[in-house]
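Let me begin by presenting the structure, written as structure tokens, before commenting on it.
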Amino acid sequence: MLPPLSDGSTSQADLDGLCYQYRYDEQKRLVEKKLPGRQWEFIIYDNLDRVIATGPALSPFNDITASGWLFTKYDVFGRVAYTGWMQASVTSAERNTLQAARNAQTSNLSEAKTASDNTVNGVAFRYTNQAWPTGSGWHVLTVNYYDDYSFPGAPAAFPDVEGQPVYYNLTVLPKGLPTGFWTRVPEASTAVAGELSYNLYDHKARPVRVRTLNHMGGYTQADTKLDFFGKVLYTVTEHKRTNADAALTVREDFAYSSQDRLLSRTHKVNNNPTELLSMNAYDELGQLISKKTGGQDLSGNSPFQKVDYAYTVRGWLKGINDTGTLSKPGDPLDLFAFRINYDRVENTTGYEVKPLYNGNIAETFWKAASDNYLRSYDHAYDAMNRLTRSFYQKEGAATHSYNEDVQYDRNGNIKGLQRNGASDGAIGQGIDILTYTYDPQKPNMLRKVMDASLSPQGFYDDSDGITDPVDDYAYDDFGNMTADQNKNITEILYNQLNLPTKITFGSLKRKIDYLYTANGKKVRKNLNSRDLMEIGSIDYLDGFQYRDGWLQFFPTSEGYVRATVVNGTTAYSYVYNYTDHLGNIRLSYAQDPASPTELKILEENHYYPYGLKHTNYNSDLLVHREYRGVLGIKEPGPIEPLVPVLPYNYKYNGKELQDEMGLNMTAMDFRQYDNALGRFNSLDALAEMQYSYTPYHFSGNNPIFFSDPMGLIQGGPMINAMWNNTPAGTNSFWQNDGSGLFYSESSSSNTGFVGIDGFGTFYDNLMPPVTLTYGTSGAGLIIQNHIYKYGDQEGKKVTKKSAGITKNDNAEIIIGKLLKAMKNGDYIDGGDLDFLNSKIGLLINEATMNSHGELTIDRTLAGGIAGIKKNAKLVLTPGSIGNMKGYNFELTGVSESIKNKIYTSGFINDNKLYFYEKGKLFSVSIEK
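Under my numbering, the first residue of the sequence shown is numbered 903, with each subsequent residue one higher.
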């Protein structure tokens, strides 16, 4: 694939530096690929066409520096049994040798469960170790268990959970359900610490308990009380950092309207008073129009804040509170207001800002109670919808104090960036005049940035801004940045997921070490510096965050709970966040414990479009701290208290700003983002989904509309919010109340989110299975299992074709044409079928799969079509065409005329059944 910057060139230099290269074997399976600026990668398959190894992959361990293979072993049903890493030479010749051996292997292709432990390099698991690689020359990273509770660390007792009998146990086996997960926390290769999770289910196979034992011996246990329809009535979460610690218990209760909309959510820590997190009100369309937050008045008559929402006729968010006035009769004084203009422009800038009709945002306005000034940005875009200029105004005057202008090359690499910001005065003053220089052989790789402004604010340049003969940045063979002279970073080491494990500043005496689970969840950060304020460790345990062993805070749906030690006892205080349409935290507030009638703003965060924080007018940081034996909200003192206070550093895109030792990076889930430069420091793992963009881009170069908290691909904020608040290693259930507000049974990671829907998709096998419910649970769509499964096309030719499908084809004809195209090796993109948007969709209440792999969808309705019997079924059975695994389908229990109408309603692509409901595309996976 040739991106725009290649200009159609097929020279070897351009192919290696800019293009996406693919090689296939005689079975049309993708076996080698090369991303721009990265070394060749290799793929090995078994005789069932399953990917069993990829490489090269960096070592997960801190005592092994060589790279090797990441491998996957499956059970007989094609489910991932366990994964691991093997140190070995990874070359094209080695791949050929290994693939030839796998082609000749006709037995022992899958793993089987064992009754006793098998141990490889200290890790015990209950599988045979008969699939390649065998022996002990490798290291286990993750283990998945299904169908029963026979595995190391599995529960031996199955008590009722919140009055709900646990249906599946050692006698009634949970066939087809995931039961346990073990994930290594790699340090040295001889250490075998890890996290163990297990699920308990009720008689409807709904998870009612998820228990995770962390790598330190503590645990987080989330119990869920469900009603008949599956709505979450309340959750109880119990948490310990280590087994010796006292347990912390959190309970959340939920109340619903008769339409199953979430009305209220309350929160209780241990035996402390119950707090009202939110009380919601809706309009006739089901849109959330107001939310009361905070306080112990559970009736909602005296909340801390009443947050109002306004929408366009298309349902897009256009306002949070009223930017015209923060004071409304009968309501508390609004602390923050935010407004979005799409197809209208109010400010007069004299520049190219104009009304937009394609969904892009023309203007954003905000106002905070700290100074009551109305501020705004006017945005301009190029023909590719990339943000080019953002003009700042204050009280209607174009001061340009925080302007940001950006220029790009044809791949979306930033070539130049100009930024004002020395003051919030009447005249804008430049703090950044940046020129980006890229590697001539690898034109997406940034080598040097020079700042002609000579200002120490914004981006810091280690040169004089005129000449800089030495490159600022270096990279490894995987495209990861390994050095940054502007920040005095001399070395960055990475693990097998290309996540940074060590960042060294100048010498080994100043460094940051990171510890992750094998699937990429950060669990610890160690700081080592000459500065005593930058020494210590931070633990990240299922949302509970610790500093040097002391609990600091844990999240709620509306902010977080701050833990403060006062006179030897831990006090818990609720802090609430205002967020904008992208999930950026703009303002945090709390009730002052020393003055309960006073609501204080703890911090304001207002940003340039690419995420750098404005200075000179944001409020100073306030924190909860003890002063003379009394808890209050104070400024950080010059003397650190005996129990350290960790700042709440979650800001842009809702992610943690890492400002220790001048790092100044935002830690997205899978990559580090530089807010000053507007780009990531390593390649996007999903770069192949956007060939026309540089693999280092942020939010498609449109950070006003898109966010990217995962560091994978830009997406709509609603999907991102669900992703961010789904605990890794567990199943999660998200309920959409119809207004864009989602909630989950996992109280340690609950969220409510309201914003522009945009677009977003769950990609790849990045997290365990998730269950999502759209609409009301009584008459909605359930999507179960493998919601992140994306990539079964990996062995096929990557081209988009319409497959000869026309808008008049019914689903039966469409499926035939799709299968024919797939047999020819063509990749059919679901987006090519948008013309089906007008077709009536299927409404599915429940989907089940038996032991033979047949998926049965009961009570199938098609937009009120009459004549369907109650026992009508759509049965799909496994089949294959060429190298494609597919499903044959048959609808029974209905007449031929009704059958044809239902077939017309949906289509199957990429092993999913797609259908439309109320103009929105839904899908249910039919792969098990």
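The beta-carbon is built from N, C-alpha and C at its ideal position, and this holds for glycine as well.
(request) Measure from the alpha carbon of ASP1284 to the alpha carbon of each residue in GLU1297, LYS936, LEU1258 and GLY1580, then state which is nearest. (result) Along the sequence shown, one-based indexing puts residue 1284 at 382. Among GLU1297, LYS936, LEU1258 and GLY1580, the Cα nearest to that of ASP1284 is on LEU1258.
(message) On a Cα-Cα basis, can you pick out the residue from ASN1313, ILE1487 and GLY957 that is closest to ARG997?
(response) Residue mapping note: residue 997 aligns to position 95 of the sequence shown, counting from 1. Among ASN1313, ILE1487 and GLY957, the Cα nearest to that of ARG997 is on GLY957.
(request) Could you round the C-beta distance between ARG1086 and TYR1100 to whole angstroms and report it? I think they count as a contact, below 8 Å. (result) Within the sequence shown, the letter at position 184 stands for residue 1086. Within the sequence shown, the letter at position 198 stands for residue 1100. About 16 Å separates the beta carbon of ARG1086 from that of TYR1100, a gap too long to meet the 8 Å contact definition.
(request) Provide the residue span of the alpha helix (DSSP H) that contains SER994, from first to last. (result) Looking up residue 994 in the sequence shown gives position 92. Note, SER994: alpha helix (DSSP H), 994-1006.
(request) Take every Cβ of the stretch 941-951, pair it with every Cβ of the stretch 984-1003, and state whether three or more of those distances are shorter than 8 Å. (result) yes
(message) Starting from GLY919, trace the alpha helix (DSSP H) in both directions and tell me its first and last residue.
(response) Indexing the sequence shown from 1 puts residue 919 at position 17. It spans 914-920 - the alpha helix (DSSP H) in which GLY919 sits, taken as one unbroken run.
(request) Please confirm whether GLY1445 and PRO1457 have their CB atoms less than 7 Å apart. (result) Sequence index remark: in the sequence shown, residue 1445 carries index 543 (1-based). Sequence index remark: in the sequence shown, residue 1457 carries index 555 (1-based). Contact flag set, yes.
(request) Buried or exposed for THR1632, please, with buried defined as at least 16 other CB atoms from any protein chain shown within 10 angstroms of its CB. (result) Here the question's residue 1632 lines up with position 730 in the sequence shown. Confidence at THR1632 is low in this model, with a pLDDT of 40, below 50, so its placement is unreliable and the value that follows should be read with caution. With 16 or more other Cβ atoms within 10 Å, it is buried.
(message) For a test of the three-state rule: what should DSSP assign to HIS1688, helix, strand or coil?
(response) Against the sequence shown, residue 1688 aligns to sequence position 786. Reliability fails at HIS1688, whose pLDDT of 21 lies under 50, so the model's placement of it is uncertain and the value that follows must be treated cautiously. The answer is coil: DSSP assigns HIS1688 none of H, G, I, E or B.
(request) Would you give the residue range spanned by the beta strand (DSSP E) that PRO962 belongs to? (result) Counted from its first residue, the sequence shown places residue 962 at position 60. Looking at the DSSP string, PRO962 is not in any beta strand (DSSP E), and its letter there is neither H nor E.
(request) Go ahead and label MET1327 buried or exposed: buried means 16 or more other beta carbons lie within 10 angstroms of its beta carbon, across all protein chains shown. (result) By one-based count along the sequence shown, residue 1327 stands at place 425. In the sequence under discussion, the amino acid at residue 1327 is Gly, which differs from the Met named in the question. With fewer than 16 Cβ atoms within 10 Å of its Cβ, GLY1327 is classed as exposed.
(request) Please confirm whether ALA1587 and LEU1559 have their CB atoms less than 7 Å apart. (result) Locating residue 1587 in the sequence shown gives position 685, where the first residue counts as 1. Locating residue 1559 in the sequence shown gives position 657, where the first residue counts as 1. Going by C-beta atoms, ALA1587 is not nearer than 7 Å to LEU1559.
(request) Output yes or no for whether 7 Å exceeds the beta carbon distance between LEU1228 and ASN1604. (result) The residue labelled residue 1228 in the question sits at position 326 within the sequence shown. The residue labelled residue 1604 in the question sits at position 702 within the sequence shown. Taking 7 Å as the Cβ cut-off, LEU1228 and ASN1604 do not qualify as a contacting pair.
(message) Quick check: what's the CA-CA separation for ASN1172 versus ALA1473?
(response) Reading the sequence shown from its first residue, position 270 is the one you call residue 1172. Reading the sequence shown from its first residue, position 571 is the one you call residue 1473. Cα to Cα, ASN1172 sits roughly 11 Å from ALA1473.
(request) Taking ASP1147 and GLY1120 to be in contact with their CB atoms under 8 Å, please state how far apart those CB atoms are, rounded to whole angstroms. (result) Numbered from 1 along the sequence shown, position 245 holds the residue referred to as residue 1147. Numbered from 1 along the sequence shown, position 218 holds the residue referred to as residue 1120. Yes, ASP1147 and GLY1120 are in contact; Cβ-Cβ is about 6 Å, under 8 Å.
(request) Give the DSSP-derived three-state secondary structure of ASN1046 in the structure shown. (result) On the sequence shown, position 144 is the one that residue 1046 refers to. In the three-state scheme derived from DSSP, where H, G and I count as helix and E and B as strand, ASN1046 is classed as strand.
(message) Less than 7 Å between the C-beta atoms of MET1563 and PRO1611, yes or no?
(response) Counting from one through the sequence shown, the residue named residue 1563 turns up at place 661. Counting from one through the sequence shown, the residue named residue 1611 turns up at place 709. Result no, Cβ atoms of MET1563 and PRO1611 do not sit closer than 7 Å.
(request) Taking LEU920 as the reference, give the member of TYR926, LEU1200, ASN1313 and GLU1297 with the closest Cα. (result) Reading the sequence shown from its first residue, position 18 is the one you call residue 920. When only C-alpha atoms are compared, the closest one is ASN1313.
(message) Quick check on PRO1342: does DSSP put it in helix, strand or coil?
(response) The residue you call residue 1342 lines up with position 440 of the sequence shown. Coil, per DSSP.
(message) What does the alpha-carbon distance come out to for the pair TYR1448 and GLN1616?
(response) Taking the first residue of the sequence shown as 1, we reach residue 1448 at position 546. Taking the first residue of the sequence shown as 1, we reach residue 1616 at position 714. Their Cα atoms are separated by approximately 30 Å.
(request) Count the C-beta pairs between the stretch 1392-1408 and the stretch 1348-1361 that are closer than 8 Å, then say yes if the count reaches three, no if not. (result) The answer is no - the stretch 1348-1361 does not touch the stretch 1392-1408, with fewer than three Cβ pairs under 8 Å.
(message) Quick check on the DSSP output: the beta strand (DSSP E) that includes HIS1516 runs from which residue to which?
(response) Counting from 1 along the sequence shown, the entry for residue 1516 is found at position 614. Where HIS1516 is concerned, there is no enclosing beta strand (DSSP E), because DSSP gives it neither an H nor an E.
(message) Please state whether the Cβ-Cβ distance between ALA1578 and PHE1267 is less than 7 Å.
(response) For the purposes of this step, residue 1578 is taken as the residue at position 676 of the sequence shown. For the purposes of this step, residue 1267 is taken as the residue at position 365 of the sequence shown. No, Cβ-Cβ distance for ALA1578 and PHE1267 is not below 7 Å.
(request) Under 6 Å Cβ to Cβ from GLY1470, same chain only, skipping five residues before and after it: list those, please. (result) Mapped onto the sequence shown, residue 1470 falls at position 568. Once the five neighbours on either side are set aside, GLY1470 has no close Cβ partner at all.
(message) Looking at the strands, I want to know which residues DSSP matches up with TYR1158.
(response) The count along the sequence shown starts at 1 and reaches residue 1158 at position 256. TYR1158 pairs with LEU1164.
(request) Can you tell me which of GLN1387, MET1383 and GLY1381 puts its alpha carbon nearest to the alpha carbon of ASP1373? (result) Position 471 of the sequence shown holds residue 1373. Ranking GLN1387, MET1383 and GLY1381 by Cα distance to ASP1373 puts GLN1387 first.
(request) For GLN1387, name the three-state secondary structure that DSSP assigns. (result) As a position in the sequence shown, residue 1387 is number 485, starting the count at 1. Helix, per DSSP.
(message) Just to check my reading of the structure: ALA1033 and GLU1013 have Cβ atoms closer than 8 Å, yes? What is that Cβ distance to the nearest angstrom?
(response) Taking the sequence shown and counting its residues from 1, the one referred to as residue 1033 is at position 131. Taking the sequence shown and counting its residues from 1, the one referred to as residue 1013 is at position 111. Going by Cβ atoms, the distance from ALA1033 to GLU1013 rounds to 5 Å, so yes, they are a contact pair.
(request) Give the straight-line distance between the Cα atoms of VAL1134 and LYS1127, rounded to the nearest whole angstrom. (result) What you label residue 1134 is simply residue 232 of the sequence shown in a count that begins at 1. What you label residue 1127 is simply residue 225 of the sequence shown in a count that begins at 1. Distance between the alpha carbons of VAL1134 and LYS1127 is about 6 Å.
(request) Check whether the Cβ atoms of ASP1210 and ASN1223 lie closer than 7 Å to each other. (result) Along the sequence shown, one-based indexing puts residue 1210 at 308. Along the sequence shown, one-based indexing puts residue 1223 at 321. Their beta carbons are under 7 Å apart, which means ASP1210 touches ASN1223 by this criterion.
(message) Per DSSP, what are the beta-bridge partners of ALA1239 in this structure?
(response) What you label residue 1239 is simply residue 337 of the sequence shown in a count that begins at 1. Note: ALA1239 sits in a beta bridge opposite LYS1269.
(request) Give a yes or no on contact between the stretch 1501-1512 and the stretch 1473-1493, applying the rule of three or more CB pairs nearer than 8 Å. (result) yes
(request) Write down the C-beta distance between TYR1478 and THR1195 rounded to the nearest angstrom, noting that I regard them as a contact closer than 8 Å. (result) As a first step, residue 1478 must be located in the sequence shown, where it is residue number 576. As a first step, residue 1195 must be located in the sequence shown, where it is residue number 293. That belief holds up - the Cβ atoms of TYR1478 and THR1195 are roughly 5 Å apart, short of 8 Å.
(message) Using a 10 Å radius around the Cβ and a threshold of 16 neighbouring Cβ atoms, would you call GLY1298 buried or exposed?
(response) Numbered from 1 along the sequence shown, position 396 holds the residue referred to as residue 1298. Its Cβ having fewer than 16 others within 10 Å, GLY1298 is exposed.
(message) For GLN1574 and MET1567, I'd like the C-alpha separation in whole angstroms.
(response) Position 672 of the sequence shown, counting from 1, holds the residue named residue 1574. Position 665 of the sequence shown, counting from 1, holds the residue named residue 1567. Distance between the alpha carbons of GLN1574 and MET1567: 6 Å.
(request) To the nearest angstrom, report how far apart GLY1422 and GLU1306 are at their CA atoms. (result) Position 520 of the sequence shown, counted from the start, is the residue given in the question as residue 1422. Position 404 of the sequence shown, counted from the start, is the residue given in the question as residue 1306. Their backbone Cα atoms lie some 34 Å apart in a straight line.
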